[in-house]
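Presented below is the structure to which this report refers.
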Amino acid sequence: MSTPDPQLQRPRKRRLRDRLLDHDTANERLVDQHGLTNHLLLFDDDVRETAAALGDIEAYLARALTVLERQDLSRDDLESLAKDIEVESKIAALDDTLSSLRHRLQIIANNLE
19 MSTPDPQLQR
29 PRKRRLRDRL
39 LDHDTANERL
49 VDQHGLTNHL
59 LLFDDDVRET
69 AAALGDIEAY
79 LARALTVLER
89 QDLSRDDLES
99 LAKDIEVESK
109 IAALDDTLSS
119 LRHRLQIIAN
129 NLE
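Numbering (this note's numbering) for the sequence shown: 19 to 131.
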């Protein structure tokens, strides 16, 4: 009888961003503490929102690189990127969600039995 290949039995790992966007805390030590339920739900939301903001900022950076690599680069292209205020709102969102996430982690740590 042959031994199954462990590479074939392991679940396929997803990219970190995918895991963050689909995150639900499943740690039994935390989930079994009913006093932490709302904090865990809010933490999971903060993780997803932080990951989304990071993705938006990364998309802006990718767009900037693409524009800078174009042979037909124009002043208007660069000015458009420089004046993009949407990226600033994404940075503010990242700051807010990251701050909330860290606060929530502290609450969870303080209430961990």
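No residue lacks a Cβ here, since even glycine has one placed at the ideal position from N, Cα and C.
Check for me: the alpha helix (DSSP H) holding residue i runs from which residue to which?
{"i": "D64", "result": "55-87"}
So, is residue i buried or exposed, given that buried needs 16 or more other C-beta atoms within 10 angstroms?
{"i": "R122", "result": "buried"}
{"i": "E76", "result": "exposed"}
{"i": "K108", "result": "buried"}
Suppose you measure from the CA of residue i to the CA of residue j; what does that come to, to the nearest Å?
{"i": "N129", "j": "A44", "result": "17 Å"}
{"i": "R93", "j": "H57", "result": "48 Å"}
{"i": "S117", "j": "D50", "result": "25 Å"}
{"i": "R88", "j": "A127", "result": "49 Å"}
{"i": "Q124", "j": "R37", "result": "22 Å"}
{"i": "D74", "j": "L39", "result": "13 Å"}
{"i": "L96", "j": "V85", "result": "8 Å"}
For the putative contact between residue i and residue j, defined by C-beta atoms under 8 Å, what is the C-beta separation to the nearest angstrom?
{"i": "L112", "j": "A71", "result": "4 Å"}
Is DSSP giving residue i helix, strand or coil here?
{"i": "E131", "result": "coil"}
{"i": "A100", "result": "helix"}
{"i": "T115", "result": "helix"}
{"i": "L91", "result": "coil"}
{"i": "H41", "result": "coil"}
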